[in-house]
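Chains W and D, in that order, are what the protein sequence lines are.
Counting from 707, one number per residue, gives the positions in the first sequence under the numbering used here.
Counting from 707, one number per residue, gives the positions in the second sequence under the numbering used here.
In this text, a Cβ means the ideal position worked out from N, Cα and C, and glycines have one as well.
Nothing here was measured: the structure is a model prediction, and the numbers come from that model.
One structure is given below, encoded as structure tokens.
Number of protein chains: 2
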Amino acid sequence: MKKNTERNMSVVKNNTLKIEPVPFKNVKITKGFWFEKFKLVKEEVLPYQWKTLNDEVPGAEPSHAIENFKIAAGESDSKFQGRVFQDSDVAKWLEAVSYCLAVEPDSELEKLADEVIALIGRAQQEDGYLNTYYTVAQPDKRWTDLRIGHELYCAGHMIEAGVAYYLATGKRNLLDIVIKFADYIDSVFGPEEGKKRGYPGHQEIELALVKLYQVTGNERYLNLSKFFIDERGKQPHYFDLEAEARGAKPRKRRHDYSQSHVPIREQEVAIGHAVRAMYFYSGAADVARLTGDQELANVCRRLWENVTNRQMYITGSIGSTVTGEAFSFDYDLPNDVAYAETCAAVGVILWAHRMLKLEVNSKYADVMERVLYNGMLSGMSLDGKRYFYINPLEVWPEANKKRPSKKFVSPVRQQWFTTACCPPNMARLIASLNNYIYSQTDGSTSEDSVYVHLYIDSKAEVEFENQKITINQETNYPWEDTVVFTIDADKAVDFTLNLRMPGWCRNPQVIVNDEEVITQGNAQGYFEIKRTWQPGDKVYLSLPMVIELIEANPQVRVNAGKVAIQRGPLVYCLEEVDNGPVLQDIVLPKEPELVAEFDPDLLGGVTVIKGKAYRSVSFDENNVLYKPIDYRKKEVDIVAIPYFSWVNRTPGEMIVWVRIEK
Amino acid sequence: MKKNTERNMSVVKNNTLKIEPVPFKNVKITKGFWFEKFKLVKEEVLPYQWKTLNDEVPGAEPSHAIENFKIAAGESDSKFQGRVFQDSDVAKWLEAVSYCLAVEPDSELEKLADEVIALIGRAQQEDGYLNTYYTVAQPDKRWTDLRIGHELYCAGHMIEAGVAYYLATGKRNLLDIVIKFADYIDSVFGPEEGKKRGYPGHQEIELALVKLYQVTGNERYLNLSKFFIDERGKQPHYFDLEAEARGAKPRKRRHDYSQSHVPIREQEVAIGHAVRAMYFYSGAADVARLTGDQELANVCRRLWENVTNRQMYITGSIGSTVTGEAFSFDYDLPNDVAYAETCAAVGVILWAHRMLKLEVNSKYADVMERVLYNGMLSGMSLDGKRYFYINPLEVWPEANKKRPSKKFVSPVRQQWFTTACCPPNMARLIASLNNYIYSQTDGSTSEDSVYVHLYIDSKAEVEFENQKITINQETNYPWEDTVVFTIDADKAVDFTLNLRMPGWCRNPQVIVNDEEVITQGNAQGYFEIKRTWQPGDKVYLSLPMVIELIEANPQVRVNAGKVAIQRGPLVYCLEEVDNGPVLQDIVLPKEPELVAEFDPDLLGGVTVIKGKAYRSVSFDENNVLYKPIDYRKKEVDIVAIPYFSWVNRTPGEMIVWVRIEK
């Protein structure tokens, strides 16, 4: 065995390396942690959502989404109901269905999807326009209120669905519909004389058009995406102009809610509605990469640094104010009135994935992993039947009930929502997770490289120009330290296997075939293993999961004197059901002895963290509100569980940030 | 010298002792801390308010209050402007003027007051009704919307002004006006057949009618007050019935905003609008005392325990939510989004003073003192020119600017307010502070006793049936430990001098004439000194002002791991101007060495508290948001100033609750 540090630095030195996800049809997640989540999505979330789309859930808020398409198709004479963006629920459902079909054919589900697609086709207008709200309820008002009309937003989701369904099934039915729509949109919007210089009030179409460009090769879609991104925020402001054109009363708006206060290239910090921001930055990262626009790439990097080093919860969630479901400002990250919308967490993953395509760096995958296992996954109950829209990091249920300003935070997951964006968004993300695990170099480099960003039990078939490799990844991550890769191929293969070194791990180590030990990664944060691989070669990745106490930058005033408990990629929390009420009274001793223990019977099987801490003695004794300090304390046992699994038992208080003697 | 503990317990054993404030005309505050505040009120606040009432302050929100009276008197034909309760600003001004005139005659001010009173008289209707809003703007709507109309509230303030002006000047001009009005109100409201069974939406008249009863001896006013108190909250609900009678859409209301959700005798906790609650409980305590209603007295005691042991800030402020300017629930006392309205702080003093009349107990005077020196006094700048409506215990000005849910909190005092209730309310309280210092037994007991509740440099002339005593109180409180009383009289006098033992003081001590030392008080928390006093006898009260670290009940989750610094009656705070930004990063060592130091040049002369504390080292070094805990720390000097004096220099961050190693 010998150290391999020199070689480690040899290949990926610059940030301009082009990598692409290994096509999702070529990656299967077949067992383990995320397979169980995938099954929940397929077996619980999608059937349930289908029922809601058809108004078949008794007592649930009516969706009317399928009915709206029937009206638009001339097959029903009821009236439009729902939000202006109701169509997008159908699109996200179709997109998630597509990913499920890609994993495993299901003729019944596919037949259902085909029927819905046919209905969508019939609802499409002659000129390609497709939006049930405007077609049915405001036929003369098409494109007159981009700021809140959501036409381009819905178009984006339908395009994503069309592309996904095509890639999953090979069928062009929905793809042709969205191409016709996109062509029409391209005829309406653009810099050319006579076209509207508008852009969506809610970004989404930007990244969707990039996907359409990638499957069709038609550069007009990429150009239109770039137009939407660069036109945004120019003066005179389009949203003011269109309001004026409608005869609406002029209002002084700052437009930061929709990130259109200034053009993106002038934006220094993330601001406004968090989901809009994530979709926007995702589209921008795509366009920067595909057009080689270094200035735009730098904007993406700058905004990434701002979001992740100034405005992100430790769970990877973003959006710290309910007002506008938005970013507030640097270091303002209250735990109890966090917004931390599930959709925004999905958005972080979308953006991180695209930053990773823009330039390989483990910091993007670190964030992707953080939000995946924590701030996004908390959005769904363990049984897949209840959802959080808002993901607080601290709850005191009595306050959520009795303090008006905290009523927006629910201390328990809900069955569904009037604005039901989050559950289907999580569904499509989880169903497409196989797309986020691996990347490979495209034809632009002479060397074949595979990147492993996420440690998920899976099998990937990676095709290069001259060779085809199968990578088997076996792991009990996130509970256990070890990941084993088996390389399979018809013959010996030359390629570089790049394994992400997680930012949370202090002493990661790789052993290749029991002989070669690597402990240092490259500048991008990956173990880079370049060799001629024999079929059956094995790589053992060890990621020691030490229990870490994480502190926040002191600028995050609410977390002063507190730590978050972290093990591997998981952030932990304390719940009242394990630790009693008034969790803020608990204080960890300096350098506490904490132990991790896997409990197969708890919460579907989780590793809990146990240890000793203190509580104040005066808590028992004293009924007054204020008194001179009493330094006495008593030892108590504490139990922390993974944050994502909170409130799957008796509801109660919860904290992520725990006081520590320091 | 001998200990006097036995005798200490001899006189005041039961809680039914009747005591009354020493009439305010007999008490003079002539120098020292509060005299300076009084001067500010007389020289700054009242003249400024007079200008605002007459719309003579350029740029300030128009008041129109005097103009409204002119319209109602038929002397102007402009239109009513302002809030429905605009009249009360004039009433509170007149009440504050009265207290100033009682202290020191001022013919010019009195002439001005007489002119305003004459105008009010001309605005009064033939039948006694007096309210410019309804008279001018809604002449047919009198008494149709008690819930929000504020007619009885304005009546209450005018009655208080009438009584105060009479007591201060001996003139009946305003008293006769308010008697006529009260008689009319009594003809409209009451339990008798044909009268309205209504009560005010905003309590205030209840305590005012008690004052009117006390100067006139007319029991109808006391009965009407009792009726308003007991009728409140009965079903069917009057506010619902009156809404129905107006043809308003029926709304399901809980009515807890106005404490009318259930009758007062069924109320277990303080709820709803904090100022309304304070005025209500004040009236209830008065009525309980004057009617000997033990059940009502117990309700007052229960609500007192709830407010002071569950819902009060350490500054004595109350009302922890902006929504409804209200109480939220037990132990919910956020520092940064505190409401803690200045008017509610004034209300606490009014209530505490009445509880003290209901039963002598130093706990009432302790709270009265706490709020006086902290939560109320913070409402005014040191120059008397700027005011807080809301008194937060923690500010991060950037958050007040950028986080929508914190914008209601101003991190600096304002010049004036559209709803300008607080400045005149503070003004009348400070101007009448001589009323709160001393009590004396009334004729109902055989022994003559004087109570000293507050330590304020002053001179009181106390008249009993058979003797007249002058008490000179000299002190540099709240800065210094010692209070010296000199007893003066024409001859030797027999009476008991009761000196409050402040709850904040661990080792108070009394020395009488350098000979007799007393260190224990009675069950009510007073040093009880019964003797035959010779003219010139001196009592030296020593109240060692140790710097105390106060912790909150752990149920107050936001204060976990933190202490408030207190010295004497003063709560301290840290300001950015002295300690740099990010004050939450500061942690006091266990058992810190803190020293008090009077600085005559700072903030008009205050005792500051200085010491060593720690800050995290990583604050300087690290630019990331989260990282493994770093136990290193660095020593820093800290300076704490009295809370009431905050933001009289460069605005910035401020905290009352400071982290401590514990």
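Q: Quick one: residues in its chain with C-beta nearer than 6 Å to the C-beta of D:VAL884, no 5 flanking neighbours on either side, listed in chain order?
A: Along the second sequence, one-based indexing puts residue 884 of chain D at 178. Scanning its chain for C-beta atoms nearer than 6 Å, with the 5 sequence neighbours on each side dropped, one finds around D:VAL884 the residues MET864, ILE865, GLY868, in chain order.
Q. Using a C-beta to C-beta distance shorter than 9 Å, which residues of chain D count as neighbours of W:TRP1102?
A. As a position in the first sequence, residue 1102 of chain W is number 396, starting the count at 1. Chain D residues near W:TRP1102: ASP1038, ARG1263.
Q) How would you write the range of the alpha helix (DSSP H) that W:GLN920 sits in, first residue to last? A) What you label residue 920 of chain W is simply residue 214 of the first sequence in a count that begins at 1. Segment 911 to 922, the alpha helix (DSSP H) holding W:GLN920.
**Q.** Residue burial classification, W:GLY953 (beta-carbon count within 10 angstroms, cutoff 16)
**A.** As a working mapping, residue 953 of chain W is identified with position 247 in the first sequence. Exposed is the call here.
Q. Which residues, in order along the region 1212 to 1225 of chain W, keep a beta-carbon less than 9 Å from a beta-carbon of chain D?
A. Listed in sequence order: ARG1212.
(Q) Considering only their Cβ atoms, is the gap separating W:VAL751 from W:GLU1133 smaller than 7 Å? (A) Looking up residue 1133 of chain W in the first sequence gives position 427. Looking up residue 751 of chain W in the first sequence gives position 45. At residue 1133 of chain W the sequence reads Ala, which differs from the Glu that was named. Here W:ALA1133 is near W:VAL751, since their CB atoms are less than 7 Å apart.
Q: Just mark D:GLU1169 as buried or exposed, buried being the case when its beta carbon has 16 or more other beta carbons within 10 Å.
A: Here residue 1169 of chain D refers to the residue found at position 463 when the second sequence is read from its first residue. When all chains shown are included, D:GLU1169 counts as exposed.
**Q.** Own chain partners of D:SER1034 with C-beta closer than 7 Å, once the 5 adjacent residues on each side are dropped
**A.** Working through the second sequence from its first residue, we reach residue 1034 of chain D at position 328. Answer for D:SER1034: SER1026, THR1027, listed in chain order.
(Q) Short of 7 Å in beta carbon distance, which residues of its chain neighbour D:PRO1357, apart from the five on each side in sequence? Order them along the chain. (A) Here residue 1357 of chain D corresponds to residue number 651 of the second sequence, with the count starting at 1. Cβ within range, chain order: PRO1103, PRO1117, VAL1118.
Q) Which same chain residues, not among the five before or five after W:ILE977, have their C-beta less than 6 Å away from its C-beta? A) In the first sequence, residue 977 of chain W corresponds to position 271, counting from 1. Non-local C-beta neighbours of W:ILE977 in its own chain, meaning closer than 6 Å and more than five positions away in sequence, comprise ASP962, PHE1033, ordered along the chain.
(Q) Any beta carbon from chain W within less than 7 Å of D:PHE1114's own beta carbon? (A) Along the second sequence, read from residue 1 onward, the residue named residue 1114 of chain D stands at position 408. Closer than 7 Å: no.
**Q.** Spatial neighbours of D:ASP889 in its chain, beta-carbon cut-off 7 Å, leaving aside the 5 residues before and after
**A.** Here residue 889 of chain D is taken as the residue at index 183 of the second sequence, counted from 1. By the criterion of a C-beta distance shorter than 7 Å, D:ASP889 is surrounded in its chain by GLY834, once the five residues flanking it on both sides are discounted.
Q) Of the residues that make up the region 760 to 783 of chain D, which ones have a beta carbon closer than 8 Å to any beta carbon in chain W? A) Shown here is that no member of the region 760 to 783 of chain D has a Cβ falling below 8 Å from a Cβ of chain W.
Q | Per-residue DSSP class, three states only, for D:ALA1346 | A | The residue labelled residue 1346 of chain D in the question sits at position 640 within the second sequence. When secondary structure is reduced to three states using DSSP, D:ALA1346 falls in the strand class.
Q.
According to DSSP, simplified to helix, strand and coil, what is W:TYR1070?
A. As a working note, residue 1070 of chain W is residue 364 in the first sequence. Note: W:TYR1070 maps to helix in three-state DSSP.
**Q.** C-beta atoms of D:ASN1140 and D:PHE730 nearer than 7 Å
**A.** Stepping through the second sequence from its first residue, residue 1140 of chain D is reached at position 434. Stepping through the second sequence from its first residue, residue 730 of chain D is reached at position 24. Contact flag set, yes.
(Q) For W:LEU836, which residues in the same chain have their Cβ closer than 6 Å to its Cβ, ignoring the five residues on either side in sequence? (A) The residue you call residue 836 of chain W lines up with position 130 of the first sequence. Correct list, in chain order: GLN830, PHE887.
Q.
7 Å is my cut-off, CB to CB: does W:PRO1260 come that close to chain D?
A. If you number the first sequence from 1, residue 1260 of chain W lands on position 554. By this cut-off, W:PRO1260 is an interface position.
Q. Identify the residues that DSSP records as bridge partners of W:HIS979: which are they?
A. Counting from one through the first sequence, the residue named residue 979 of chain W turns up at place 273. Residue pairing for W:HIS979: DSSP places it in a beta bridge opposite W:ALA1032.
Q | Pair within 7 Å by beta-carbon distance, D:LEU1247 and D:VAL1189 | A | Residue 1247 of chain D sits at position 541 when you count from the first residue of the second sequence. Residue 1189 of chain D sits at position 483 when you count from the first residue of the second sequence. The criterion of a C-beta distance shorter than 7 Å is satisfied by D:LEU1247 and D:VAL1189.
Q: Step through the CB atoms of chain D and report whether any lies within less than 7 Å of the CB of W:LEU1276.
A: Mapped onto the first sequence, residue 1276 of chain W falls at position 570. No, no contact with chain D.
Q | chain W residues whose Cβ lies nearer than 8 Å to that of D:LYS1108 | A | Taking the second sequence and counting its residues from 1, one reaches residue 1108 of chain D at position 402. Residues of chain W passing the Cβ test: SER1034, PHE1035, ASP1038.
**Q.** Contact list for D:ASN1015 against chain W, beta-carbon separation under 7 Å
**A.** Your numbering for residue 1015 of chain D matches position 309 in the second sequence. Ordered by position in chain W, the residues that pass the 7 Å Cβ test against D:ASN1015 are ASN1329, VAL1330, LEU1331.
Q) For chain D, is any of its Cβ atoms less than 7 Å away from the one on W:ASN714? A) Within the first sequence, residue 714 of chain W is the residue found at index 8, counting from 1. Interpretation of W:ASN714 is limited by its pLDDT of 32, a score under 50 that renders its predicted location unreliable; the figure taken from the coordinates is listed afterwards. No, W:ASN714 does not count as interfacial toward chain D.
Q. Terminal residues of the continuous beta strand (DSSP E) containing D:VAL1199?
A. For the purposes of this step, residue 1199 of chain D is taken as the residue at position 493 of the second sequence. Its beta strand (DSSP E) spans residues 1199 to 1206.
Q) For W:TRP1363, which beta-bridge partners are listed by DSSP? A) For this step, residue 1363 of chain W is matched to residue 657 along the first sequence. Its beta-bridge partners are W:ALA1270.
Q. Quick one: does D:LEU880 have its CB under 7 Å from some CB of chain W?
A. On the second sequence, residue 880 of chain D is found 174 positions in, with the first residue counted as 1. D:LEU880 has a beta carbon lying at 7 Å or more from every beta carbon in chain W.
Q) Which same chain residues, not among the five before or five after W:ASN1182, have their C-beta less than 6 Å away from its C-beta? A) Counted from its first residue, the first sequence places residue 1182 of chain W at position 476. In the same chain as W:ASN1182, and ignoring 5 residues on each side of it, no C-beta atom comes closer than 6 Å to its own.
**Q.** Segment contact, 8 Å Cβ cut-off, at least three pairs: the region 1052 to 1069 of chain W with the region 1005 to 1022 of chain W
**A.** Between the region 1052 to 1069 of chain W and the region 1005 to 1022 of chain W, the count of Cβ pairs shorter than 8 Å is three or higher; the stretches touch.
Q: Determine the chain D residues that contact W:TYR659 at a beta-carbon separation under 8 Å, and present them in chain order.
A: Outside the displayed range of chain W (707 to 1368) lies residue 659 of chain W, so it cannot be described from this structure.
Q: Please classify W:ASN1213: is it buried, with 16 or more other beta-carbons within 10 angstroms of its beta-carbon, or exposed?
A: Numbered from 1 along the first sequence, position 507 holds the residue referred to as residue 1213 of chain W. Counting C-beta atoms within 10 angstroms of its own C-beta, W:ASN1213 has fewer than 16 neighbours from the protein chains shown and is therefore classed as exposed.
Q | Length of the line joining the Cα atoms of D:SER1111 and W:SER1138 | A | On the second sequence, position 405 is the one that residue 1111 of chain D refers to. On the first sequence, position 432 is the one that residue 1138 of chain W refers to. Here the C-alpha atom of D:SER1111 lies approximately 37 Å from the C-alpha atom of W:SER1138.
Q) For D:TRP1239, which beta-bridge partners are listed by DSSP? A) Working through the second sequence from its first residue, we reach residue 1239 of chain D at position 533. DSSP, once it has assigned bridges, lists D:VAL1199 as partnering D:TRP1239.
Q: Return helix, strand or coil for W:ASP812, following the three-state DSSP convention.
A: Counting from 1 along the first sequence, the entry for residue 812 of chain W is found at position 106. Residue state, collapsed to three classes: coil.
Q.
Tell me which residues share the same chain as D:ASN720 and place their Cβ nearer than 6 Å to its Cβ, disregarding the 5 neighbours each side in the sequence.
A. Residue numbering aside, residue 720 of chain D sits at position 14 when the second sequence is read from its first letter. In this prediction, D:ASN720 has a pLDDT of 38, which is less than 50 and means its spatial position is unreliable; what the coordinates show is noted afterwards. Cβ within range, chain order: n/a, list empty.
Q. Straight-line CA distance for W:ILE772 to D:LYS955?
A. Start at 1 with the first residue of the first sequence, and residue 772 of chain W comes out as number 66. Start at 1 with the first residue of the second sequence, and residue 955 of chain D comes out as number 249. Rounded to the nearest angstrom, the gap between the Cα atoms of W:ILE772 and D:LYS955 is 37 Å.
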